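Note sheet for the following structure.
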Amino acid sequence: MKTFKAGMIGLGTVGVGVYKLLQSFNKIKIENIAVKNINKKRDIENFNTNLLTDNPFDIVNNPDIDIVIEVAGGISPAFEILSAAIKNKKHIVTANKELLAKRGSELFGLAKENNVTILYEAAVAGGIPIIMPIKTTLCANKINKIAAILNGTTNYILTKMAEKELSYETALKQAQDLGYAETDPTGDVEGFDAAYKIAILSTISFNKKIDINKIYTEGITNIKPQDIKAAKELGYTIKLIAMGQLLDDGRVDVRVHPMLVAKKHLLAKVKNATNSIMISGYPVGDLVLTGAGAGAEPTSSSVVGDLLTLTSELEISDYPLPLTKCKHDENAVQIDIGDTYNEYYISIQASNNPGVIGIIGTICGKNNINISTIMQKGIDEDNTAEIVVITEKSKESDVKNALENLLKSDSINKINSLLRVMN
Ligand SMILES: NC(=O)c1ccc[n+]([C@@H]2O[C@H](COP(=O)([O-])OP(=O)(O)OC[C@H]3O[C@@H](n4cnc5c(N)ncnc54)[C@H](OP(=O)(O)O)[C@@H]3O)[C@@H](O)[C@H]2O)c1
24 MKTFKAGMIG LGTVGVGVYK LLQSFNKIKI ENIAVKNINK KRDIENFNTN
74 LLTDNPFDIV NNPDIDIVIE VAGGISPAFE ILSAAIKNKK HIVTANKELL
124 AKRGSELFGL AKENNVTILY EAAVAGGIPI IMPIKTTLCA NKINKIAAIL
174 NGTTNYILTK MAEKELSYET ALKQAQDLGY AETDPTGDVE GFDAAYKIAI
224 LSTISFNKKI DINKIYTEGI TNIKPQDIKA AKELGYTIKL IAMGQLLDDG
274 RVDVRVHPML VAKKHLLAKV KNATNSIMIS GYPVGDLVLT GAGAGAEPTS
324 SSVVGDLLTL TSELEISDYP LPLTKCKHDE NAVQIDIGDT YNEYYISIQA
374 SNNPGVIGII GTICGKNNIN ISTIMQKGID EDNTAEIVVI TEKSKESDVK
424 NALENLLKSD SINKINSLLR VMN
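The sequence shown runs 24 to 446 under our numbering.
Structure below.
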């Protein structure tokens, strides 16, 4: 059996998990590990600190190294490091979703030119196997829809808001105290992390390059306890959903935003930091994969799985895993959120005037919106009332017009919330 030499960039949460798991597989030998601070204490028993370097280019320029494992994160210097590694004919295994979503196209192009492979199972949904199944086992399918919970932090926060009736701020603080959310949670709570992942999944599912800048991205920071409560009363739970759809005309609809998900839907049952991905395709039908989307151990399962798959192939071929190579030379035509069709939940703050429900109904009607449910939630001391509306499937731009017109009425004080609905 041949032993392959690998270099690691990064020895943080994922790196430590990968290093520990690799001790059980003598097929792969770690030659060097690049870190930012070589003096930092590492949570690894009997760790040989001589493996460490603070210069990642020591690794990518070392002719003895066959594979570079990138578990550092970020765009720069990760992009420069991996570009140099690829030019030096090294295969890459990475967990870096942000890098692949923003600059994957350049890296895959470079990999093609240099006849090397980039594997990235860990970049989407940590321990859930999804990249390799889409690229290999499911390659006979036409995949036309992905709907997923791809961010554990936001799912944890929304679960606690629903179960313990917490405000967003309190639930976030709890998530931070328990290590589920970072000190700066922006990337998670504003939906960027989920957007990177759905960009990668949509690109490989639809075989078209998705532009991350054209993904409509809305996070969970505006979700209010009264939305969670109203959703519950109406038979829904609120989740941050990452969605990718291939439309009949070949355009794609890729977006991330919170949704009211019907309680009977499988994604509504996914709680706490768990991730879940629902894929629909022909001929396979609907598939759901659920599991740990982050954490040292689940993520190491994906990184080391990629490494073992790659090295098994390298024993027999100089052109390993051809099915995993990128096949998406075409840019996707991504539709604007205004052109999408959804069912909507609208929470309206109205004066308690006679005829206010009629005004809402008329304005919705004039904008091609059919109402499926309308509910007034009591009257406040200031003689205003919260009115909750669920619409039938309507065009987003029509809904936005209706909201503008509603705000022109003396009876409507403000729009509290607008959320999309998934049944
Ligand atoms: N955490 C998860 O559960 C998870 C799951 C899936 C995917 N990922 C992805 O995996 C990657 C790593 O995440 P993580 O949570 O393990 O991050 P982390 O704990 O912050 O670790 C990052 C590591 O990279 C090293 N590093 C940072 N900049 C460097 C540079 N310029 N040169 C060399 N080393 C550098 C750091 O060195 P020091 O230790 O010296 O600071 C650290 O060891 C990210 O792309 C992340 O999105 C993470």
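Note that beta-carbon positions come from the ideal geometry of N, C-alpha and C, so glycine has one too.
What you are looking at is a predicted structure, and each value in this text was computed from that prediction instead of being measured.
Report the option in the options whose CA atom is closest to the CA atom of residue i.
i, options, result
"L441", "I243, N119 and L331", "I243"
"D200", "Y219, G214 and I180", "I180"
"T182", "V41, A254 and N85", "A254"
"K125", "K418, H114, G97 and N111", "G97"
"P377", "Y364, T396, T407 and E353", "T407"
"A317", "N164, M24 and G40", "G40"
"H288", "S432, N390, K262 and P306", "K262"
"I32", "S417, A171 and N78", "N78"
"L283", "Y259, V58, E103 and Y203", "Y259"
"E320", "V275, K431, K52 and A148", "A148"
"N390", "D421, P208, E415 and D405", "D421"
"A265", "I223, N424 and K63", "I223"
"Y267", "T363, V326, N295 and A204", "According to the sequence displayed, residue 267 carries Gly and not Tyr. It is T363."
"K437", "N428, N365, I300 and A291", "N428"
"L123", "I104, K110, Y143 and N111", "Y143"
"G82", "K64, K63 and E103", "For the record, residue 82 in the displayed sequence is Ile; it is not Gly. The residue with the shortest Cα to Cα distance from I82 is E103."
"C387", "I369, D403 and S374", "I369"
"Q357", "K400, V275, F80 and T193", "V275"
"N71", "N55, S417 and M184", "N55"
"P86", "H114, R65, N73 and D234", "H114"
"A296", "R278, Y305 and A315", "A315"
"S432", "T385, D211 and N111", "T385"
"S128", "C349, I410, I435 and V411", "C349"
Which stretch, first to last residue, makes up the beta strand (DSSP E) that contains residue i?
i, result
"N55", "I51 to A57"
"G308", "G308 to A315"
"E93", "I90 to E93"
"A170", "K165 to I172"
"A373", "Y364 to S374"
"I397", "I394 to Q399"
In three-state DSSP terms, what is residue i?
i, result
"F70", "coil"
"A134", "helix"
"A427", "Reading off the sequence, residue 427 comes out as Glu, not Ala. E427: helix per DSSP, three-state reduction."
"Q46", "coil"
"S434", "coil"
"V272", "The sequence given here places Asp at residue 272; Val does not occur at that position. Correct three-state label for D272: coil."
"T159", "coil"
"P248", "helix"
"A29", "strand"
"I233", "coil"
"S299", "strand"
"K449", "Here the chain has residues from 24 to 446 only, and residue 449 is not among them."
"P281", "strand"
"R65", "coil"
"L105", "helix"
"Y305", "strand"
"I153", "coil"
"A265", "strand"
"I98", "coil"
"Y259", "strand"
"T140", "coil"
For residue i, which beta-bridge partners are listed by DSSP?
i, result
"M24", "Paired residues: none, contrary to the question."
"H114", "I90"
"T182", "For T182, which the question treats as bridged, DSSP gives no partner whatsoever."
"V444", "L283 and E366"
"Y239", "R278"
"L75", "I56"
"N354", "K232"
Residue range of the alpha helix (DSSP H) that residue i falls in?
i, result
"V326", "A319 to L337"
"N406", "Per DSSP, N406 belongs to no alpha helix (DSSP H) and is neither H nor E."
"A194", "Y191 to D200"
"T385", "V379 to K389"
"I82", "P79 to V83"
"V212", "T209 to V212"
Does any heavy atom of ligand 2 sit closer than 8 Å to the C-beta of residue i?
i, result
"A317", "As for ligand 2, it is missing from this structure, which binds only ligand 1."
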